Amino acid sequence: MDTELFPRERAQVAPGAVHVPDWLDEARQRALLAACRDWARPPAGLRTVRTPGGGTMTARQVCLGWHWYPYAYARTATDGDGAPVKPLPTWLAELGRRAVTDALGPEESGEGVGGEQEGAGAAAYDIALINFYDGDSRMGMHRDADERSAAPVVSLSLGDTCVFRFGNTETRTRPYTDVELRSGDLFVFGGPSRLAYHGVPRVLPGTAPAGLGLTGRLNVTLRVSGFPDAT
Ligand SMILES: O=C(O)CCC(=O)C(=O)O
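30 is the number of the first residue of the sequence shown in our numbering; add one for each residue after it.
Given below as structure tokens:
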């Protein structure tokens, strides 16, 4: 239920970067959460990601389609149990394509006249990274730069609200904009913002919608790999 005095408005945070509040209704949030719970189970389930410097990411992660590990992709959970990565279902790839169309318009999704841009219409979404944040989890400023496609990144939030920091393409520091992402929100970044630094400095515990049944926060980020052997 919307308890705001005024509904939250969609906003362009930077060129090619758009926040669409409440994009997923409650039923779709519940369905996506149920799918995330399945994907998080072994084999190739939720894992702690270790960085080459010896650190660990506080958000735990499971991948679909291609398995991301710092800083490359594989078809197996090379830094987990070694099992083949789970497939990315067609409905999720289609959700990614629709998200881009809704956020950026048909041109960016490859649906416009000509449809030849590298958007979701040019190549299907074939990577999903699902990050689970509990307790004090956060994510440092980074760029999504291990893909070989300029297609926009799609981000869907479930559960607790977070502060999502969206920066610039040059540095991890200012200028940046802090956006509150709540359960059901969509954030898409492409075009000149595709390689912008971004991160999650804070999750606000206990802010998930009561009816959802999730303690913590899940983020589903969809990407196009652009890899030669991608189908
Ligand atoms: O959790 C989020 O909203 C951001 C996730 C993210 O930046 C990533 O997976 O690269």
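All C-beta atoms, glycine included, are put in the ideal place defined by N, C-alpha and C. These numbers come from a predicted model, not from an experiment.
For P221, the closest C-alpha among the options R246, P230, G235, V182 is that of V182. Under DSSP, F193 takes part in a beta bridge, and its partners are V208. If you look at A60, you'll find it in the alpha helix (DSSP H) that goes 55-69.
Our two residues, A157 and H96, have alpha carbons roughly 9 Å apart in a direct line. For A46, the enclosing beta strand (DSSP E) begins and ends at 46-49. Taking the Cβ of V42 as the reference point, every heavy atom of ligand 1 lies at 7 Å or farther away.
Taking C-alpha positions only, T202 is separated from V208 by approximately 15 Å.
Using a Cβ distance threshold of 8 Å, A69 and G109 do not count as a contacting pair. Contact annotation, R104 with V91: C-beta distance approximately 15 Å; criterion of less than 8 Å not satisfied. With contact defined as three or more Cβ pairs closer than 8 Å, the stretch 172-188 and the stretch 212-228 are in contact.
Judged by DSSP secondary structure, W97 falls within the beta strand (DSSP E) whose first and last residues are 96-98. Between V192 and P234, the C-beta spacing is not below 8 Å. Per DSSP, the beta-bridge partners of M168 are V229. In the structure shown, T200 adopts coil according to DSSP, grouped into three states.
Taking each of T87, P81, A239 in turn and checking the Cα distance to P99, the smallest one comes out for P81.
Taking the Cβ of T32 as the reference point, every heavy atom of ligand 1 lies at 7 Å or farther away. Excluding its 5 nearest sequence neighbours in each direction, R167 has C-beta neighbours in its own chain below 8 Å: T87, A88, G228, V229, P230, R231, V232, listed in chain order. The three-state reading of DSSP puts G188 in strand, counting E and B together. Rounded to the nearest whole angstrom, the C-alpha separation of P44 and R37 is 20 Å. With a threshold of 16 other beta carbon atoms within 10 Å, P116 falls short and is exposed.
In this structure, V49 and R59 do not form a Cβ contact; the two beta carbons are roughly 19 Å apart against a cut-off of 8 Å. It is roughly 10 Å from the alpha-carbon of C65 to the alpha-carbon of N160. Distances taken from the Cβ of N197 to the heavy atoms of ligand 1 include none shorter than 7 Å. Looking from the CA of D175, the closest CA among T77, D51, R223, T236 belongs to R223. According to the DSSP assignment, L124 belongs to the alpha helix (DSSP H) that extends over 119-133.
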